[in-house]
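Below: the structure, in structure tokens.
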Ligand code: URA
């Protein structure tokens with residue numbers, strides 16, 4: 001299916017399969033999520049622009065490539081987004097972090113905002129929004145809408161799993177925001193869960209069920 005960049009790296013796929021297994025413990029799930037998020041982060045930042053900076057090695061001066069522009073922003077959609085955040089910060093420790101608190105009303109499946117905190121100068125930074133599950137896409141769409149209202153104009157969306165329904169709704173509403181995911185599953189069920197999926201990502205990472 002088009003509309004999303006599927007990260008097919010064997011390590012990503014292997015770790016994802018273990019995470020899907022309902023027998024995987026909370027502790028293992030959390031560790032795997034941290035590991036997989038560094039690999040996903042590697043892929044979502046693969047084409048970042050570089051500039052040359054003059055540095056001196058112990059032997060000579062050189063024009064060394066370094067990341068161009070302002071520090072990245074990782075925007076976590078609470079609470080499950082935080083599970084991706086840690087591994088990404090392991091890889092890009094200088095990134096700024098935004099938090100967007102949205103919960104899904106279980107009746108309407110619509111997102112309700114309860115928290116928003118982000119750097120002021122979003123218009124000058126690449127913002128990578130993280131949320132493990134792109135299911136109905138309602139939360140992701142609302143989070144990105146909010147970031148755009150606050151000035152963000154260079155946004156990518158990173159998740160672990162996506163549903164085809166979520167990908168097509170998301171790309172209709174935010175065609176300028178590329179999606180990166182480890183897999184696109186079969187479908188959504190009537191409760192808005194991704195099938196086969198991995199269950200509730202927040203519950204599985206925090207052991208709340
Ligand atoms: N959120 C989850 O955690 N899991 C799903 O399958 C869908 C949304």
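Residue numbers (full-length UniProt numbering): 1 to 209. Where is the CB? At the ideal position from N, CA and C, for every residue including glycine.
{"Asked": "C-beta atoms of residue 186 and residue 195 nearer than 7 Å", "Found": "yes"}
{"Asked": "Contact between the stretch 150-166 and the stretch 104-115 (3+ Cβ pairs under 8 Å)", "Found": "no"}
{"Asked": "The stretch 57-73 / the stretch 88-98 touching (three or more Cβ pairs under 8 Å)", "Found": "yes"}
{"Asked": "Whole-Å CB distance - residue 77 paired with residue 39, under 8 Å assumed", "Found": "In fact, because the Cβ distance is near 20 Å, the residues do not count as touching under 8 Å."}
{"Asked": "Three CB pairs or more closer than 8 Å across the stretch 140-158 and the stretch 54-64", "Found": "no"}
{"Asked": "Simplified DSSP assignment, three categories, for residue 111", "Found": "strand"}
{"Asked": "Among 143, 49, 35, the one whose alpha carbon lies nearest that of residue 101", "Found": "143"}
{"Asked": "Distance, residue 183 Cα to residue 1 Cα", "Found": "Note that residue 1 scores a pLDDT of 47, beneath 50, so its modelled location is shaky; the value from the coordinates is reported in the next line. Roughly 10 Å between the two C-alpha positions."}
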